[in-house]
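Colleague:
2 protein chains.
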Amino acid sequence: MASRSPRKKTAEKPSYHHGDLRQALLDASLALIAEEGFGALSLREVARRAGVTHAAPYRHFADKEALLAAVAEQGFRAMTARMKARMAREETPEGRLSACGVAYVLFAMEHPSHFRVMFGPHFTRPLELGASEGDADAFGLLVGSISDCQRAGVVREGQPQVLALTCWSLVHGLAALLVDGKLEASGISTVPQAEALAEAQTRLLLRGLVRTTGD
Amino acid sequence: MASRSPRKKTAEKPSYHHGDLRQALLDASLALIAEEGFGALSLREVARRAGVTHAAPYRHFADKEALLAAVAEQGFRAMTARMKARMAREETPEGRLSACGVAYVLFAMEHPSHFRVMFGPHFTRPLELGASEGDADAFGLLVGSISDCQRAGVVREGQPQVLALTCWSLVHGLAALLVDGKLEASGISTVPQAEALAEAQTRLLLRGLVRTTGD
DNA sequence: CCTACCGATCGGTAGG
DNA sequence: CCTACCGATCGGTAGG
Numbered sequence: 001m002a003s004r005s006p007r008k009k010t011a012e013k014p015s016y017h018h019g020d021l022r023q024a025l026l027d028a029s030l031a032l033i034a035e036e037g038f039g040a041l042s043l044r045e046v047a048r049r050a051g052v053t054h055a056a057p058y059r060h061f062a063d064k065e066a067l068l069a070a071v072a073e074q075g076f077r078a079m080t081a082r083m084k085a086r087m088a089r090e091e092t093p094e095g096r097l098s099a100c101g102v103a104y105v106l107f108a109m110e111h112p113s114h115f116r117v118m119f120g121p122h123f124t125r126p127l128e129l130g131a132s133e134g135d136a137d138a139f140g141l142l143v144g145s146i147s148d149c150q151r152a153g154v155v156r157e158g159q160p161q162v163l164a165l166t167c168w169s170l171v172h173g174l175a176a177l178l179v180d181g182k183l184e185a186s187g188i189s190t191v192p193q194a195e196a197l198a199e200a201q202t203r204l205l206l207r208g209l210v211r212t213t214g215d
Numbered sequence: 216m217a218s219r220s221p222r223k224k225t226a227e228k229p230s231y232h233h234g235d236l237r238q239a240l241l242d243a244s245l246a247l248i249a250e251e252g253f254g255a256l257s258l259r260e261v262a263r264r265a266g267v268t269h270a271a272p273y274r275h276f277a278d279k280e281a282l283l284a285a286v287a288e289q290g291f292r293a294m295t296a297r298m299k300a301r302m303a304r305e306e307t308p309e310g311r312l313s314a315c316g317v318a319y320v321l322f323a324m325e326h327p328s329h330f331r332v333m334f335g336p337h338f339t340r341p342l343e344l345g346a347s348e349g350d351a352d353a354f355g356l357l358v359g360s361i362s363d364c365q366r367a368g369v370v371r372e373g374q375p376q377v378l379a380l381t382c383w384s385l386v387h388g389l390a391a392l393l394v395d396g397k398l399e400a401s402g403i404s405t406v407p408q409a410e411a412l413a414e415a416q417t418r419l420l421l422r423g424l425v426r427t428t429g430d
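So the protein lines, in turn, are chains A and B.
When the letters of the first sequence are read in order and numbered with the numbering used here, they come out as residues 1 to 215.
When the letters of the second sequence are read in order and numbered with the numbering used here, they come out as residues 216 to 430.
(1) According to DSSP, is B/Val369 part of a helix, a strand, or is it coil?
(2) Bridge partners for B/Val425 per DSSP, in chain order?
(3) Kindly list the residues whose CB is nearer than 6 Å to the CB of A/Leu163, restricted to its own chain and excluding five residues on each side of it in sequence; keep chain order.
(4) Tell me the residue span of the alpha helix (DSSP H) that contains B/Glu306.
(5) Go through its chain and collect everything with a Cβ distance to A/Leu218's Cβ below 7 Å, but skip five positions before and after it.
(6) What residues in its chain sit with their C-beta under 8 Å from that of B/Ala263, if we drop five residues either side in the sequence?
(7) In its own chain, which residues sit with a C-beta less than 6 Å from the C-beta of B/Arg297, not counting the 5 before and 5 after it?
(8) Over the uninterrupted alpha helix (DSSP H) stretch that includes A/Leu30, give me the two end residues.
(9) So what does DSSP say about B/Gly388, is it helix, strand or coil?
(10) Taking the CB atoms as reference points, tell me whether A/Val194 and A/Val105 lie closer together than 7 Å.
(11) Can you give me the C-alpha to C-alpha distance between A/Ala131 and A/Met79, rounded to a whole angstrom?
(12) Let me check understanding here. Comparing Cα to Cα, which of A/Leu41, A/Arg59 and A/Gly95 lies closest to A/Asp20?
(13) Step through the CB atoms of chain A and report whether any lies within less than 7 Å of the CB of B/Arg371.
(14) Against chain B, which members of the segment 176-189 of chain A pass a CB distance test of less than 8 Å?
(15) In chain A, which residues lie less than 7 Å from B/Thr307 when you measure between Cβ atoms?
(16) DSSP three-state call for B/Thr381: helix, strand or coil?
(17) For the putative contact between B/Val425 and A/Arg207, defined by C-beta atoms under 8 Å, what is the C-beta separation to the nearest angstrom?
(18) Give the C-beta separation of A/Ala198 and A/Val155 to the nearest angstrom, bearing in mind that I take them to be a contact with Cβ-Cβ under 8 Å.
(19) Helix, strand or coil for A/Pro57, going by three-state DSSP, please let me know.
(20) Just verifying my parser: in three-state terms, what is the DSSP assignment at A/Pro121?
(21) Using a Cβ-Cβ distance under 7 Å, would B/Val425 count as near chain A?
(22) Who are the Cβ neighbours of B/Ile403 in its own chain at under 8 Å, not counting the five residues just before and after it?
(23) Below 8 Å on the Cβ atoms is my guess for A/His122 versus A/Leu174; work out the distance and round it to an integer in Å.
(24) On the CB-based measure, 16 or more other CB atoms within 10 Å of its CB, does A/Gly75 come out buried or exposed?
(25) Can you list, in chain order, the residues of its chain with a C-beta nearer than 8 Å to that of B/Lys299? Leave out the 5 residues immediately preceding and following it.
(26) Using a beta-carbon distance below 7 Å, is A/Ala31 in contact with chain B?
(27) So what does DSSP say about B/Ala346, is it helix, strand or coil?
(28) Name, please, each residue of chain B whose Cβ falls closer than 7 Å to the Cβ of A/Thr166.
(29) Between A/Ser42 and A/Cys149, what straight-line distance do the alpha-carbon atoms span, to the nearest angstrom?
(30) Use the C-beta contact count for B/Thr307: other C-beta atoms within 10 angstroms, 16 or more gives buried, fewer gives exposed.
(31) Let me see if you follow: with CB-CB separation under 7 Å, is B/Ala411 close to chain A or not?
(32) Looking at C-alpha atoms only, which residue of A/Ser98, A/Glu36, A/Leu204 and A/Val46 is the closest neighbour of B/Pro375?
(33) For a test of the three-state rule: what should DSSP assign to A/Gly51, helix, strand or coil?
(34) By how many angstroms is the C-alpha of B/Ser244 removed from the C-alpha of A/Val46?
(35) Taking all protein chains shown into account, decide if B/Glu250 is buried (16 or more other Cβ within 10 angstroms of its Cβ) or exposed.
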């Protein structure tokens with residue numbers, strides 16, 4: 001078929017000599033994790049999928065952890081954007097608070113590999129997020145949302161950080177159980193199902209489990 | 216020191232010729248995960264730590280997944296026992312419900328490697344728990360506890376399974392965040408801190424975030 | 001439960 | 001970004 005002569009390498013295959021290999025490696029990592037699981041992730045296999053030799057990734061990442069850190073960082077940005085977008089559709093503070101949590105769960109469902117990298121025990125150091133610009137980070141959005149609700153008088157008193165931690169636990173737990181398939185036994189596996197569940201659980205946290213007089 | 220003559224192998228080293236190698240392999244797996252992380256887990260290294268050759272584990276486990284399944288099964292039994300023990304100290308239905316969740320978080324803090332194996336994405340098939348005897352499984356305990364609270368009139372109406380799923384999400388999320396060290400930035404890392412946090416979050420879920428007249 | 005062996009993959013580097 | 005190479009580890013099996 002093709003001659004093996006070493007010259008005329010003029011772009012027969014995507015060799016990324018001038019393309020964005022860095023991004024290609026990140027994409028390949030996510031695809032690999034999604035298809036083969038975490039155990040299959042190696043720099044060599046990632047390079048293979050990106051169509052380069054196994055030495056090439058070292059031009060962009062010092063080691064596997066650096067690659068995963070880049071994946072996680074991109075994931076955090078995407079998740080924050082997802083939350084902002086869904087919150088923007090709401091017109092009340094409690095609507096935004098709820099949207100914040102639902103978006104968290106939806107992001108996990110739609111980007112399970114990203115989610116696993118972001119929250120797995122893969123990093124030795126804290127994962128600097130480029131000194132995230134003020135309220136841009138996800139937890140900051142949540143805390144701010146709680147504060148807004150308190151100012152509007154719809155959420156009880158208390159340190160916003162503490163209340164936010166409870167909200168985070170709830171949506172993080174739901175997301176983790178969904179991503180790891182632990183709710184498939186309960187017949188929950190699709191995105192719409194997850195969305196409905198996230199909304200129901202958020203409502204429940206707001207109103208509380210305890211039976212009230214106005215119930 | 217010791218002669219290398221092949222005879223007289225009379226128990227100089229723990230060789231498990233008559234001991235419980237199976238249990239030793241399970242313990243070694245947990246220690247390995249705790250010390251070196253998941254990536255370091257291999258049947259060969261586990262065998263090495265147990266003091267046997269790398270072919271020995273195959274006498275007890277077909278492959279790595281079978282070993283991990285055994286670890287997980289043991290973990291589920293221990294977790295259920297932990298929950299039962301803590302629930303038994305309580306005298307009210309809501310006390311038992313709360314204790315149920317707190318015990319879940321405490322188990323995770325005290326056995327992080329077990330927790331990771333139990334809820335990680337490591338298994339291809341559903342992990343049969345030996346057809347857990349009726350209400351003995353953890354989720355069953357939770358659902359029963361919710362039902363009791365409803366009968367006592369302290370928890371609102373609704374399918375117990377649905378309410379239980381919300382409780383599970385909350386404590387699972389808190390446990391996962393703790394185990395993976397994501398709350399260390401918030402200064403939470405000890406067992407007592409985790410216990411206090413679990414109790415606070417459980418209370419919050421019961422009462423709800425929404426400001427009520429009797430607040 | 002051990003010895004001895006297989007093929008395969010891996011992280012990493014030298015040198016271009 | 002590639003070729004060529006290093007030492008090391010791995011899962012798994014044969015045969016005892």
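Beta carbons: idealized from backbone N, C-alpha and C, even for Gly.
Modeller: In short, the structure shows the following:
(1) For the purposes of this step, residue 369 of chain B is taken as the residue at position 154 of the second sequence. Coil, per DSSP.
(2) Mapped onto the second sequence, residue 425 of chain B falls at position 210. BP columns for B/Val425 point to A/Val155.
(3) Translated into the one-based positions of the first sequence, residue 163 of chain A becomes position 163. The answer, listed in chain order, is Ile146.
(4) Start at 1 with the first residue of the second sequence, and residue 306 of chain B comes out as number 91. Premise fails: B/Glu306 is in no alpha helix (DSSP H) and is neither H nor E.
(5) As shown, chain A starts at 1 and ends at 215. That puts residue 218 of chain A outside it, with no answer to give.
(6) The residue labelled residue 263 of chain B in the question sits at position 48 within the second sequence. Before going on, a small fix: residue 263 of chain B reads as Arg here, not Ala. Closer than 8 Å at Cβ, skipping near neighbours: His269.
(7) Counted from its first residue, the second sequence places residue 297 of chain B at position 82. The answer, listed in chain order, is Ala318 and Phe322.
(8) Translated into the one-based positions of the first sequence, residue 30 of chain A becomes position 30. Segment Leu21 to Glu36, the alpha helix (DSSP H) holding A/Leu30.
(9) Position 173 of the second sequence, counted from the start, is the residue given in the question as residue 388 of chain B. Residue state, collapsed to three classes: helix.
(10) What you label residue 194 of chain A is simply residue 194 of the first sequence in a count that begins at 1. What you label residue 105 of chain A is simply residue 105 of the first sequence in a count that begins at 1. First, the residue type needs correcting, since residue 194 of chain A is Ala and not Val in the sequence shown. It is a contact, given that the beta carbons lie within the stated cut-off.
(11) Position 131 of the first sequence, counted from the start, is the residue given in the question as residue 131 of chain A. Position 79 of the first sequence, counted from the start, is the residue given in the question as residue 79 of chain A. Note that A/Ala131 scores 46 on pLDDT, short of 50, meaning its location in the model is unreliable and no value can be drawn from it.
(12) In the first sequence, residue 20 of chain A corresponds to position 20, counting from 1. It is A/Arg59.
(13) As a first step, residue 371 of chain B must be located in the second sequence, where it is residue number 156. For B/Arg371, the answer is yes, since a Cβ of chain A falls inside 7 Å of its Cβ.
(14) Ala176, Leu177, Val179, Asp180, Gly181, Lys182, Leu183, Ala185 and Ser186
(15) The residue labelled residue 307 of chain B in the question sits at position 92 within the second sequence. None at all; the shortest Cβ gap to chain A is about 13 Å.
(16) The residue given as residue 381 of chain B occupies position 166 in the second sequence. Three-state DSSP puts B/Thr381 in a helix.
(17) Within the second sequence, numbered from 1, the residue matching residue 425 of chain B stands at position 210. Within the first sequence, numbered from 1, the residue matching residue 207 of chain A stands at position 207. With 8 Å as the limit, B/Val425 and A/Arg207 qualify as a contact, their Cβ atoms being about 6 Å apart.
(18) For the purposes of this step, residue 198 of chain A is identified with residue 198 of the first sequence, where counting begins at 1. For the purposes of this step, residue 155 of chain A is identified with residue 155 of the first sequence, where counting begins at 1. Not a contact, Cβ separation roughly 18 Å.
(19) By 1-based counting over the first sequence, the position of residue 57 of chain A is 57. Note: A/Pro57 maps to helix in three-state DSSP.
(20) Here residue 121 of chain A refers to the residue found at position 121 of the first sequence. Reduced to three states, the DSSP call for A/Pro121 is coil.
(21) Numbered from 1 along the second sequence, position 210 holds the residue referred to as residue 425 of chain B. It does; some Cβ of chain A falls within 7 Å.
(22) Numbered from its first residue, the second sequence carries residue 403 of chain B at position 188. These residues qualify, in order along the chain: Leu393, Ala409 and Leu412.
(23) On the first sequence, position 122 is the one that residue 122 of chain A refers to. On the first sequence, position 174 is the one that residue 174 of chain A refers to. In fact, because the Cβ distance is near 22 Å, the residues do not count as touching under 8 Å.
(24) Taking the first sequence and counting its residues from 1, the one referred to as residue 75 of chain A is at position 75. It is buried - the Cβ of A/Gly75 has at least 16 other Cβ atoms within 10 Å.
(25) Taking the first residue of the second sequence as position 1, residue 299 of chain B is located at position 84. So the qualifying residues of the chain are Leu356.
(26) Here residue 31 of chain A refers to the residue found at position 31 of the first sequence. Nearest CB-CB separation between A/Ala31 and chain B: not below the 7 Å threshold.
(27) As a position in the second sequence, residue 346 of chain B is number 131, starting the count at 1. Low local confidence applies: a pLDDT of 46 at B/Ala346 is under 50, so the model's placement there is unreliable, and no value is given.
(28) Taking the first sequence and counting its residues from 1, one reaches residue 166 of chain A at position 166. Chain-ordered, the chain B residues with CB closer than 7 Å to the CB of A/Thr166 read Gln416 and Leu419.
(29) Residue mapping note: residue 42 of chain A aligns to position 42 of the first sequence, counting from 1. Residue mapping note: residue 149 of chain A aligns to position 149 of the first sequence, counting from 1. Using only the alpha carbons, I get a separation of about 45 Å.
(30) Start at 1 with the first residue of the second sequence, and residue 307 of chain B comes out as number 92. That one is exposed.
(31) The residue you call residue 411 of chain B lines up with position 196 of the second sequence. Not one chain A Cβ lies under 7 Å of B/Ala411.
(32) Walking along the second sequence from the start, residue 375 of chain B turns up at place 160. It is A/Leu204 whose Cα lies nearest to the Cα of B/Pro375.
(33) The residue you call residue 51 of chain A lines up with position 51 of the first sequence. Three-state DSSP puts A/Gly51 in coil, outside helix and strand.
(34) Your numbering for residue 46 of chain A matches position 46 in the first sequence. Your numbering for residue 244 of chain B matches position 29 in the second sequence. Approximately 28 Å, taken between the alpha carbons.
(35) Against the second sequence, residue 250 of chain B aligns to sequence position 35. Exposed.
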